[in-house]
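Engineer:
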Amino acid sequence: MQSEVIFGLYASGRRDRPTIQWFNDRQKSIDKWNESRPPGCGFCSDEWMELCYHQTVTLLHRPCPGNPQPTRESLVRALQGSNATMRLYKEIYRKGLSDFGAPKRSDNKLICRLVVDVSPVHIGCDVS
């Protein structure tokens with residue numbers, strides 16, 4: 022389902038935009054999957070399965086190249102999906118199910134240095 026959404030909304034070279042019916046059909050498929058998904062086990066806990074659902078809903082409804090001006094309903098769904106995603110990430114982290122690759126202290130210096138070195142390039146500043 023995520024692949025369908027990504028191809029339909031983010032594929033380069035697409036000129037036609039998906040119809041309202043396309044969005045409705047994708048949402049129905051996502052909802053049907055969520056209602057009938059298997060219970061989580063191992064790495065794919067219930068939280069991870071729910072996270073997949075909310076991330077896919079957000080991906081479908083947020084503004085993007087294939088949907089630059091989403092409907093109000095789509096924006097509400099995107100915000101609800103994003104909110105649920107943040108809540109679930111927090112819950113997963115607090116339960117110790119993942120550390121999300123938290124950088125080590127030595128990595129922080131490298132990350133800060135990269136941000137300082139790369140930022141002027143992205144914003145078009147001359148730092149010489």
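As numbered in my numbering, residues 22 to 149 make up the sequence shown, in order. Note that the Cβ used here is the ideal one computed from N, Cα and C, for glycine as well. Remember, it's a predicted structure, so these values are computed and weren't measured experimentally.
Buried or exposed for leucine 81, going by 16 or more other Cβ atoms inside 10 Å?
Structural biologist: Buried, because 16 or more other Cβ atoms sit within 10 Å of the Cβ of leucine 81.
Engineer: Please report the straight-line C-alpha distance between aspartate 128 and threonine 40, rounded to a whole angstrom.
Structural biologist: Because aspartate 128 sits at a pLDDT of 47, beneath the cut-off of 50, its placement in the model cannot be relied upon, and the following sentence gives the value as read from the coordinates. Aspartate 128 and threonine 40: Cα-Cα distance of roughly 45 Å.
Engineer: Taking just the CA atoms, how far does lysine 49 sit from arginine 98?
Structural biologist: Rounded to whole angstroms, arginine 98 to lysine 49 spans 13 Å at the Cα level.
Engineer: Which one of Tyr110, Tyr114, Glu94 and Leu30 has the shortest CA to CA distance from cysteine 73?
Structural biologist: Nearest C-alpha to cysteine 73: Tyr110.
Engineer: My understanding is that valine 78 touches isoleucine 51, with C-beta atoms under 8 Å, so please give their C-beta distance in whole angstroms.
Structural biologist: 6 Å between Cβ atoms; contact.
Engineer: Can you give me the start and stop residues for the alpha helix (DSSP H) that lysine 116 sits inside?
Structural biologist: Taken as a continuous stretch (DSSP letters only), lysine 116 belongs to no alpha helix (DSSP H), as it is neither H nor E.
Engineer: In the DSSP assignment, find the unbroken alpha helix (DSSP H) run with glycine 29 in it and report its ends.
Structural biologist: Taken as a continuous stretch (DSSP letters only), the alpha helix (DSSP H) holding glycine 29 covers 23 to 31.
Engineer: Ignore the nearest five residues each way along the sequence and tell me which others in proline 91's own chain have a CB closer than 8 Å to its CB.
Structural biologist: Only His82, Arg83, Pro84 and Ala99 meet the Cβ criterion.
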